[in-house]
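Peer 1: As given, the protein sequences belong to chains A and B, one line each in that order.
The first sequence begins at 1 in this note's numbering and counts up by one.
The second sequence begins at 259 in this note's numbering and counts up by one.
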Amino acid sequence: MKHALHAEWTKLRTLAGTVWLLLAAAALTAAVSAAAAAATRCPSGGCADDPAKISLTGIYLGQAIVAVLAVTVVSGEYGTGMIRLTLAATPRRVNILAAKAAVITGLVLVTGAVAVPVSLLAGALILSGHGIGPSRGYPAISFTDGPVLRAAFGSVLYLALIALLSLGAATALREAAAAIGTVLGVLYVLPIVAVFDGDATLTRHLEQIAPMTAGLAIQATTGLNSLPISPWAGLGVLAAWAAGSLVVGGILLRNRDA
Amino acid sequence: MTAAMITPSRPAPRAGRVGFAHLVRAEWTKFRTVRGWVIAVVVTALLTLLLGLFIGSHSHVAPCTSGPNGPACRYIIPTGPGGESVTDTYYFVHRPLAGDGSITARVTSLTEATESAQTVNGRPVSTKPAVVPWSKAGLIITAGPSQGSAYAAVMATGSHGTRMQWNYTGDEAGLAGGASGTSPRWLRLTRTGDVINGYDSADGTNWTKIATVTLPGLGATVQAGMFATSPSQSTATNSGVTSESSGSSGATDATATFDRVGLSGGWRGGSWTGTSVAGGAGSPYPTGHEAGYRQAAGAFTVTGSGDIAPDVTDGVPVDALLAGVFLALVAALVVGAQFMTAEYRRGLIRVTLAASPRRGRVLAAKVIVLGGVSFAAAVAGSAGAVLIGIPLLRASGNPVYPVSALTEVRLIVGTAALVAVFAVCALGAGAIVRHGAGAVTVAITAVILPYLLTAGISVLPAGAADWVLRVSPAAGFAIRQVIPAYPQVDVSRTPFNDYFPLPPWGGFAVTCAWAALTLALAAYRLTRRDA
Numbered sequence: 001m002k003h004a005l006h007a008e009w010t011k012l013r014t015l016a017g018t019v020w021l022l023l024a025a026a027a028l029t030a031a032v033s034a035a036a037a038a039a040t041r042c043p044s045g046g047c048a049d050d051p052a053k054i055s056l057t058g059i060y061l062g063q064a065i066v067a068v069l070a071v072t073v074v075s076g077e078y079g080t081g082m083i084r085l086t087l088a089a090t091p092r093r094v095n096i097l098a099a100k101a102a103v104i105t106g107l108v109l110v111t112g113a114v115a116v117p118v119s120l121l122a123g124a125l126i127l128s129g130h131g132i133g134p135s136r137g138y139p140a141i142s143f144t145d146g147p148v149l150r151a152a153f154g155s156v157l158y159l160a161l162i163a164l165l166s167l168g169a170a171t172a173l174r175e176a177a178a179a180i181g182t183v184l185g186v187l188y189v190l191p192i193v194a195v196f197d198g199d200a201t202l203t204r205h206l207e208q209i210a211p212m213t214a215g216l217a218i219q220a221t222t223g224l225n226s227l228p229i230s231p232w233a234g235l236g237v238l239a240a241w242a243a244g245s246l247v248v249g250g251i252l253l254r255n256r257d258a
Numbered sequence: 259m260t261a262a263m264i265t266p267s268r269p270a271p272r273a274g275r276v277g278f279a280h281l282v283r284a285e286w287t288k289f290r291t292v293r294g295w296v297i298a299v300v301v302t303a304l305l306t307l308l309l310g311l312f313i314g315s316h317s318h319v320a321p322c323t324s325g326p327n328g329p330a331c332r333y334i335i336p337t338g339p340g341g342e343s344v345t346d347t348y349y350f351v352h353r354p355l356a357g358d359g360s361i362t363a364r365v366t367s368l369t370e371a372t373e374s375a376q377t378v379n380g381r382p383v384s385t386k387p388a389v390v391p392w393s394k395a396g397l398i399i400t401a402g403p404s405q406g407s408a409y410a411a412v413m414a415t416g417s418h419g420t421r422m423q424w425n426y427t428g429d430e431a432g433l434a435g436g437a438s439g440t441s442p443r444w445l446r447l448t449r450t451g452d453v454i455n456g457y458d459s460a461d462g463t464n465w466t467k468i469a470t471v472t473l474p475g476l477g478a479t480v481q482a483g484m485f486a487t488s489p490s491q492s493t494a495t496n497s498g499v500t501s502e503s504s505g506s507s508g509a510t511d512a513t514a515t516f517d518r519v520g521l522s523g524g525w526r527g528g529s530w531t532g533t534s535v536a537g538g539a540g541s542p543y544p545t546g547h548e549a550g551y552r553q554a555a556g557a558f559t560v561t562g563s564g565d566i567a568p569d570v571t572d573g574v575p576v577d578a579l580l581a582g583v584f585l586a587l588v589a590a591l592v593v594g595a596q597f598m599t600a601e602y603r604r605g606l607i608r609v610t611l612a613a614s615p616r617r618g619r620v621l622a623a624k625v626i627v628l629g630g631v632s633f634a635a636a637v638a639g640s641a642g643a644v645l646i647g648i649p650l651l652r653a654s655g656n657p658v659y660p661v662s663a664l665t666e667v668r669l670i671v672g673t674a675a676l677v678a679v680f681a682v683c684a685l686g687a688g689a690i691v692r693h694g695a696g697a698v699t700v701a702i703t704a705v706i707l708p709y710l711l712t713a714g715i716s717v718l719p720a721g722a723a724d725w726v727l728r729v730s731p732a733a734g735f736a737i738r739q740v741i742p743a744y745p746q747v748d749v750s751r752t753p754f755n756d757y758f759p760l761p762p763w764g765g766f767a768v769t770c771a772w773a774a775l776t777l778a779l780a781a782y783r784l785t786r787r788d789a
């Protein structure tokens, strides 16, 4: 297992794309978050805004880049035929998947740990400049505040779980374009379909089980009662999606010719 | 050395040159022989149809779910003479008018108040002065005091000056400014057969005609008189979701004072009747509670609540039936990108380019095949979803916002064309980045993510959302807009509430411009770089 881990780390580390994708994920997360904060105005006061959530808007885009990185970790090997070498070197195939999962999780956690605090700090600065801050009765974005800490830690974990979900999907589907299409389809399209279904109860249920809407409940620091699912339970739903995708991917990896 | 080896100066017929039709046929063969692509396109078209049928048969509009008869409650939203859903709730002080005649009155005040949510014996415990821009008080001639009747009215409004409005959708501006004791507004309606003229005046001597309208089939005897009404107010939050401010029901009422009421022509009955024009119990429109009139010394004070306007909030917009198109769109983007990147991955591109050295034509052939296939699949799926879904919606008791046949065609064909154009964008992205996962990610984040953040779950603030839907490739989703943006109805016109910042074909043009840009870049990359 240690060797598998070392091998995966070497493969990922020496790919030129990895570091660029991670940098892009962090930069775009922070940039979109700052842009969303800059676009938020509340001239009359009393808007039902959640400063921490606005400051983390960039996660919506950042997750796509994390997903594509996780997908290429597996699909790239199938594309080049490298996978046969990997499987020959580590015949216990589940170990390969576990090693890949560990390495990608670590990298994404580090990226998230940079992107999320930067986004929150930028958001706090910009939003309080627009009068959406503690001076007008909004909750402050402070890292000693329980809900804000939950949103911050949760968003980092969210990115890691998205990476695991994508890793499992890529292991099951192998083809890179199909895998990333499936992952982003599940993330982005399920919430849209949920809104349109015309039945409030069903919409709520769909928002409770869709990985993105459930997982991002963790970002809420105000108005928890109107959430479709409570923050940690929502992240749990995403974790279940990630686990399910890894299990399916693992089973297919074990029982299928490469 | 034979003569044959001294090559002719004329170039030999180029064996590799094929007609464009052959090229298209070659690309079509490549497309249809990849099983995954065909399955993806066909299955998502089927899902579009099935999701449309599901939404059609399972929708319950929100006011209905909490209705007195449980989730299956059915109420009837009145429809106006043009077949559109309307709101028609006001207080009406009226007398019958047989044949031709006219009514004149002076409005000396119009004030509005918000009603508290808490009520005692059906009346609000308190009211608070407010400004309601589209409160209305004035004169009205209507076929009858039932909801959805044909009418024409001249009125003073909260902050939109004097207006003449008719049959819910018609609206013409008269004098600017509100009505007050120092600056009253004189109003006059005359009826000649089916033709009604509306006038206003600041002094009662110099009259200006606002508009002449024809109300076909008005009937010999109509009801005419004074009315007052005021639409409910909801405060828009930044995210576009409306919420009611604390302590207020959102309902407002308007109180207007009329005097110098003058009648001429065939008026019947000696006295005025007060009628609260409203839906029955369980009506979704918050009618408000303060309604009535007083008559003293030739002056009338009329208080009413509601609106006489097109209803744009209660019905199901038919574009909801096309939710499944987003699944078809994901498939189209993935297949579109792969249609290009698969050539690079397998080295097929070298054969393709050897067979057709004019590389731009290869791209054109791919565009035609991909665009044609995704359009055909999407149009089949969305036509089924809309054409079967609408009757299903009606059959399950939902009020459907009515759309013209032309709008229906635009919704179906436009949405399918949008899917095709987006697929072509993904093809272009594939030619530019030559990497399947990269192209798909770029395409989905450029097309679906902007829609999701603005109109889907509304993450961005309304102003930024409008801006994103003007310039991003997602602008084309404006093709889904089915409810007209009536200026005389105060609703939060955000993308989340189904209002797009660009007109349908304008938004579509923005998407096409993106596709053209992507294709131009793709053609440049394809011709200038080795495969």
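Backbone N, C-alpha and C fix where the C-beta goes; we use that ideal spot for every residue, glycine too.
Small disclaimer: the values here were computed from a predicted structure and weren't measured.
Tell me, please, whether the stretch 202 to 212 of chain A touches the stretch 725 to 733 of chain B by the rule of three or more beta-carbon pairs shorter than 8 angstroms.
Peer 2: No: the two stretches stay apart, fewer than three of their Cβ pairs being nearer than 8 angstroms.
Peer 1: Assuming Ala214/A and Val237/A are in contact, meaning their beta carbons sit under 8 angstroms apart, how far apart are those beta carbons, in whole angstroms?
Peer 2: 4 angstroms between Cβ atoms; contact.
Peer 1: Could you list which residues in chain A have their beta carbon closer than 9 angstroms to that of Val749/B, in chain order?
Peer 2: Going along chain A, no residue has its Cβ under 9 angstroms from Val749/B, so there is no contact; the nearest lies around 18 angstroms.
Peer 1: Would you list the residues sitting across from Gln376/B in a DSSP beta bridge?
Peer 2: According to DSSP, which records beta bridges pairwise, Gln376/B is partnered with nothing at all.
Peer 1: List the DSSP bridge partners of Gly520/B.
Peer 2: Per DSSP, Thr362/B.
Peer 1: According to a CB-to-CB cut-off of less than 7 angstroms, which residues of the stretch 48 to 75 of chain A neighbour chain B?
Peer 2: From the stretch 48 to 75 of chain A, only Ala48, Asp49, Thr57, Tyr60, Leu61, Ala64, Val68, Val71, Thr72, Ser75 have a Cβ closer than 7 angstroms to chain B.
Peer 1: What is the residue span of the alpha helix (DSSP H) that Thr10/A lies within?
Peer 2: Start and end: 2 to 14.
Peer 1: Using 8 angstroms for Cβ pairs, my map puts Pro296/B next to Ala589/B. What's the rounded Cβ distance?
Peer 2: Reading off the sequence shown, one finds Val at residue 296/B, where the question assumed Pro. Not confirmed; about 11 angstroms, so no contact.
Peer 1: Quick one: is Asn496/B near chain A, going by C-beta distance under 7 angstroms?
Peer 2: Caution applies to Asn496/B, whose pLDDT of 35 falls short of 50 and renders its modelled position unreliable; the value that the coordinates give is listed next. At least one chain A Cβ lies under 7 angstroms of Asn496/B.
Peer 1: Can you check the stretch 569 to 631 of chain B for any beta strand (DSSP E) of at least 3 residues that lies completely inside it and give the ranges in chain order?
Peer 2: Here no run is fully enclosed.
Peer 1: For the beta strand (DSSP E) holding Pro117/A, just list the boundary residues, first then last.
Peer 2: It is not in any beta strand (DSSP E) - Pro117/A instead sits in the alpha helix (DSSP H) that spans 93 to 129.
Peer 1: So Pro191/A contacts chain B; which residues on that side make the cut at Cβ distance below 8 angstroms?
Peer 2: The answer, in chain order, is Leu710, Gly714, Ile715.
Peer 1: Go to Pro387/B, then tell me how far its beta strand (DSSP E) extends in each direction, as first and last residue.
Peer 2: Run containing Pro387/B: 385 to 388, per the beta strand (DSSP E) assignment.
Peer 1: For Ala88/A, collect the residues of the same chain with a Cβ closer than 6 angstroms to its Cβ; drop the 5 residues on either side in sequence, then sort them by chain order.
Peer 2: Around Ala88/A: no qualifying Cβ.
Peer 1: Three or more beta-carbon pairs under 8 angstroms between the stretch 391 to 409 of chain B and the stretch 465 to 481 of chain B, yes or no?
Peer 2: Touching, per the Cβ criterion.
Peer 1: I'd like the ranges of any alpha helix (DSSP H) spanning at least 4 consecutive residues and lying wholly in the stretch 439 to 486 of chain B.
Peer 2: Qualifying alpha helix (DSSP H) stretches: none in this window.
Peer 1: On the three-pair Cβ rule with 8 angstroms, is the stretch 636 to 645 of chain B touching the stretch 666 to 682 of chain B?
Peer 2: The stretch 636 to 645 of chain B is in contact with the stretch 666 to 682 of chain B.
Peer 1: Can you give the Cα-Cα distance for Ala778/B and Arg652/B, rounded to whole angstroms?
Peer 2: About 46 angstroms.
Peer 1: Pull up the DSSP beta-bridge partners for His352/B, would you.
Peer 2: Beta-bridge pairing links His352/B to Gly483/B, Thr531/B.
Peer 1: Can you tell me where the beta strand (DSSP E) with Gly714/B in it begins and where it stops?
Peer 2: First-last for Gly714/B: undefined, no H or E at that position.
Peer 1: Would you kindly work out how many angstroms separate the C-alpha atoms of Val344/B and Tyr659/B, rounded to a whole number?
Peer 2: Answer to the nearest angstrom: the Cα atoms are 10 angstroms apart.
Peer 1: On the three-state DSSP scale, how would you describe Ile65/A?
Peer 2: Three-state result, Ile65/A: helix.
Peer 1: Which bits of chain A does Ser317/B rub up against, with CB to CB less than 9 angstroms?
Peer 2: Within 9 angstroms Cβ-Cβ: Asp197, Gly198, Asp199.
Peer 1: Would you kindly work out how many angstroms separate the C-alpha atoms of Thr337/B and Val574/B, rounded to a whole number?
Peer 2: If you take the alpha carbons of Thr337/B and Val574/B, they lie about 14 angstroms apart.
Peer 1: Which of the three DSSP states is assigned to Val412/B in this structure?
Peer 2: Note: Val412/B maps to strand in three-state DSSP.
Peer 1: Excluding the five sequence neighbours on either side, which residues of its own chain have a C-beta within less than 7 angstroms of the C-beta of Ala38/A, listed in chain order?
Peer 2: Only Ile126 meet the Cβ criterion.
Peer 1: Step through the CB atoms of chain B and report whether any lies within less than 7 angstroms of the CB of Ile126/A.
Peer 2: No, its Cβ sits nowhere closer than 7 angstroms to a Cβ of chain B.
Peer 1: Which residue comes first and which comes last in the alpha helix (DSSP H) that contains Leu397/B?
Peer 2: Element bounds for Leu397/B: not the alpha helix (DSSP H) but the beta strand (DSSP E), 394 to 400.
Peer 1: Any beta-carbon of chain B closer than 7 angstroms to the one on Ala151/A?
Peer 2: Taking Cβ atoms only, chain B never reaches closer than 7 angstroms to Ala151/A, which makes this a no.
Peer 1: Since I believe Val679/B is in contact with Thr776/B (beta carbons under 8 angstroms), could you give me their beta-carbon distance rounded to a whole number of angstroms?
Peer 2: The Cβ separation is near 10 angstroms, so there is no contact.
Peer 1: Output, in chain order, the set of chain B residues within a Cβ distance shorter than 8 angstroms of Leu202/A.
Peer 2: Here the neighbours are His316.
Peer 1: Among the candidates Leu224/A, Met212/A, Ala98/A, whose CA atom is the shortest distance from the CA of Lys2/A?
Peer 2: Among Leu224/A, Met212/A, Ala98/A, the Cα nearest to that of Lys2/A belongs to Ala98/A.
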